[in-house]
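**Q** Input: one structure, supplied below.
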Amino acid sequence: MWVSTATEPDPFLDGFREGLRALGYVEGKNVIFETCYSPGNPQALREFISELRRGDTDLAVSSGPATRAMTAVTEVPVLFALSGDPVALGVVKSLAQPGTNFTGATFLSLELAGKRVELLKDIYPKVRMLAVLSNTDHPGEPSEWRATMQTCNGLGIDPAYIPFAGAGELDSALRTAAGVGADAMLVFPDAVTMVHRASIAELALAHRLPSMFGWCEYCEAGGLLSYGANQRATYYWLASYADRILRGENPASLPVMRPEKFELAINLKTAARLGVQLDTSSILFRANKVIA
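First residue of the sequence shown? That's 2 in the working numbering, and the numbers climb one at a time after it.
Now the structure itself:
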C-alpha cells in the first residue's frame, strides 16, 4: 500500500513502480498495489492506517510527511522516503540498524546544508545577509540549521533565521523573509516548502533575492538554484528494499539508505530576471540540470 499526502499524478510513485517493474513485479500478477492519498492532511490518513493495522497488507510505503502519521503502525513493515531525520522522528533506532518495522531512505544530509550556502556564495559573491527559511516541524531541523549557521559564519555571511511551524505559519514567515533586508534566501527542503515552492520562488523574485533550494523541483518552479538528491531516483532504488522485505528479510536489519549522488540545478530564466551574471560562472559547467 502506498500512503501519501501529496497529490496525483505522483512522480515519486511512478519512480517506485518503475523500480518494481525492473525487479520483475507485474501489477495484478505477482503484486497488488493500493494507493491512499490525503493531499496536505496527514491526519486524514487515520482510516487507512486502521486498515493497515488489521494486518491485510504485506508492506506499506509512506511518502514524505505521511511517515509521521504511520508511527503507530507496528503490525506490518513500513518503507519510507523522508526529507528529515527518521531517528529524530522516532521510527528507527539508528540509520545503520533501524531495529523496528520501519526502514527506507532519508534525504537529510548535513553536508548538503553547508554546500548549499557555498554554492550560493559562488554564484552570488555579494551575499552578506542570508534569509534562512526553515520549517521547525521537521525532524532533524535543528541539526540542519546548526550546519548552515556554521558555514555562514565561515564565509562571512550573516544568517537571518526565519523559522515557521507548519503550513499555517508559512505566509507570515515569507513576509518576514521579505522584510529582513537579506541579499539572498536559502530554503530548507521539506514537504511544506515543496508544496508551496512556486509561491516561495515568486516572493524571492519579487524581492530580487537569489534563492537556493534542496531539490530540482524547486528550480523548475522558478527558484534560482537547488542542490540535493534526485527524489524520483531514490524511490526507484527504494523498490529494492520492497523486494527484499517481500522475500522475507526483516526491515529492522536493513540500513536506512542515504543518497550518494547529488544534483545541482539552475534556472537560467530566473538568473536573467535577477541580473545574476553566469558567463564566467563554473556553476554552469557543474550543473546537472539547466532550466532554460
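Glycine included, C-beta positions come from ideal geometry on N, C-alpha and C.
Work out the CA separation of Ser283 and Phe17 for me, nearest whole Å.
**A** In a straight line, the C-alpha of Phe17 is about 34 Å away from that of Ser283.
**Q** Taking only the alpha-carbon atoms, compute the straight-line gap between Val291 and Arg209 and give it to the nearest angstrom.
**A** Rounded to the nearest angstrom, the two C-alpha atoms are 20 Å apart.
**Q** Beta strand (DSSP E) containing Lys270: first to last residue?
**A** Per DSSP, Lys270 belongs to no beta strand (DSSP E); it is in the alpha helix (DSSP H), 269-275.
**Q** Our contact map puts Pro164 next to Thr149 with C-beta atoms below 8 Å; I'd like the distance itself, whole angstroms only.
**A** That pair is no contact at about 12 Å.
**Q** Would you call the region 170-181 in contact with the region 238-254, where contact means no fewer than 3 C-beta pairs closer than 8 Å?
**A** Output reads no: the region 238-254 does not touch the region 170-181.
**Q** With DSSP collapsed to three states, give me the class of Asn231.
**A** If DSSP states are grouped into helix, strand and coil, Asn231 belongs with coil.
**Q** Indicate the three-state DSSP secondary structure (helix, strand or coil) for Phe189 in the structure shown.
**A** Note: Phe189 maps to coil in three-state DSSP.
**Q** Quick one: using the 10 Å Cβ neighbour count with 16 as the cut-off for buried, is Phe214 buried or exposed?
**A** The residue in question, Phe214, is buried, as its Cβ has 16 or more Cβ neighbours within 10 Å.
**Q** Go through the region 58-107 residue by residue and report every complete run of the beta strand (DSSP E) that reaches 3 residues or more, in order.
**A** Entirely contained in the region 58-107, the beta strand (DSSP E) runs reaching 3 residues are, in chain order, 61-64, 79-83, 103-107.
**Q** Just to confirm, is the Cβ distance from Pro87 to Val257 under 7 Å?
**A** Yes, they are a contact pair.
**Q** Assuming Met213 is part of the beta strand (DSSP E), what are its boundary residues?
**A** Counting along the chain, the beta strand (DSSP E) containing Met213 begins and ends at 212-214.
**Q** To the nearest angstrom, report how far apart Phe34 and Leu21 are at their CA atoms.
**A** Rounded to whole angstroms, Phe34 to Leu21 spans 11 Å at the Cα level.
**Q** In whole angstroms, give me the CA-to-CA distance for Leu83 and Ala7.
**A** When rounded, the distance between both Cα atoms is 13 Å.
**Q** Would you say Ala132 and Met186 are within 7 Å of each other, going by their C-beta atoms?
**A** Yes, these two residues count as a Cβ contact at 7 Å.
**Q** I need the straight-line Cα distance from Arg233 to Ala266, nearest angstrom please.
**A** Rounded to the nearest angstrom, the two C-alpha atoms are 15 Å apart.
**Q** Helix, strand or coil: how does DSSP classify Val118 here?
**A** DSSP places Val118 in helix when its eight states are reduced to three.
**Q** Can you check the region 111-174 for any beta strand (DSSP E) of at least 3 residues that lies completely inside it and give the ranges in chain order?
**A** As far as the region 111-174 is concerned, its whole beta strand (DSSP E) runs of at least 3 residues are 130-136, 159-165.
**Q** Out of curiosity, what's the CA-to-CA distance linking Glu261 and Gly115?
**A** Their backbone Cα atoms lie some 16 Å apart in a straight line.
**Q** Give the DSSP bridge partners of Ile50, in chain order.
**A** Answer by DSSP bridge pairing: none, since Ile50 is not bridged.
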